[in-house]
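Q: Okay, so the sequence shown: first residue is 1 according to my numbering, each after it adds one.
C-beta: ideal position from N, C-alpha, C; glycine also.
Just so we're clear, the structure is a prediction, and the values are computed from it rather than from any experiment.
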Amino acid sequence: FGSKIAKGVGRFIFKAPFWENSVVAKALLKTEVLSKHSLVGCESCGQCRLGDTLYICPETCPKGLANGPCGGTTLDRCEFGDRECIHSVKARLAKAVKQTEILKEKLIPTVPLETRGTSSWKNWYLATEA
1 FGSKIAKGVG RFIFKAPFWE NSVVAKALLK TEVLSKHSLV GCESCGQCRL GDTLYICPET
61 CPKGLANGPC GGTTLDRCEF GDRECIHSVK ARLAKAVKQT EILKEKLIPT VPLETRGTSS
121 WKNWYLATEA
């Protein structure tokens, strides 16, 4: 993503005057949501952390915990009972692909309320340009 082409495309998309048009902004957000929700259960947090979580979206945890299971997890099951704890899924996946160190290396940040419902693509690009 650090290439000149990616930066040029990002500049065109996110810094162009038409971006302020709410129809264009909504269309990009809708595209992002449709593509990511079907693949990873995206909840439009506006600060995508998939690259840090082995592509298991922390927003799919009912409590929104990004760094590990809560005290309500029993035998790898979420206390809400309808799913496996996402942190158990993440740990099992990390072990299967020999990437357990990744889970220890980085504390996953919480998502600021003001970014929820916004495009993580736009937010990421503008942050890398700053």
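Give the list of continuous beta strand (DSSP E) stretches no shorter than 3 residues that lie fully inside the stretch 16-84.
A: You should have found no qualifying run.
Q: With a 10 Å radius around its C-beta and 16 neighbouring C-beta atoms as the bar for buried, classify Pro58 as buried or exposed.
A: So Pro58 ends up on the buried side.
Q: Out of Phe12, Leu54, Gly8, Glu43, which one is the CA nearest neighbour of Ile102?
A: Cα-wise, what sits closest to Ile102 is Leu54.
Q: Mind the definition here: the stretch 31-41 touches the stretch 68-75 only if three or more C-beta pairs lie below 8 Å; say whether that holds.
A: The stretch 31-41 vs the stretch 68-75: no contact.
Q: In chain order, what residues of the same chain have a beta carbon less than 6 Å from the beta carbon of Lys63, not counting five sequence neighbours either side?
A: Result list for Lys63: Cys70, in chain order.
Q: Under 7 Å: does the beta carbon of Asp82 sit that close to some heavy atom of the ligand MG?
A: As far as ligands go, the structure on display features none, and thus does not contain the ligand MG.
Q: Counting C-beta neighbours from all protein chains within 10 Å, is the total for Ala130 16 or more, i.e. buried, or is it exposed?
A: Interpretation of Ala130 is limited by its pLDDT of 48, a score under 50 that renders its predicted location unreliable; the figure taken from the coordinates is listed afterwards. Its Cβ having fewer than 16 others within 10 Å, Ala130 is exposed.
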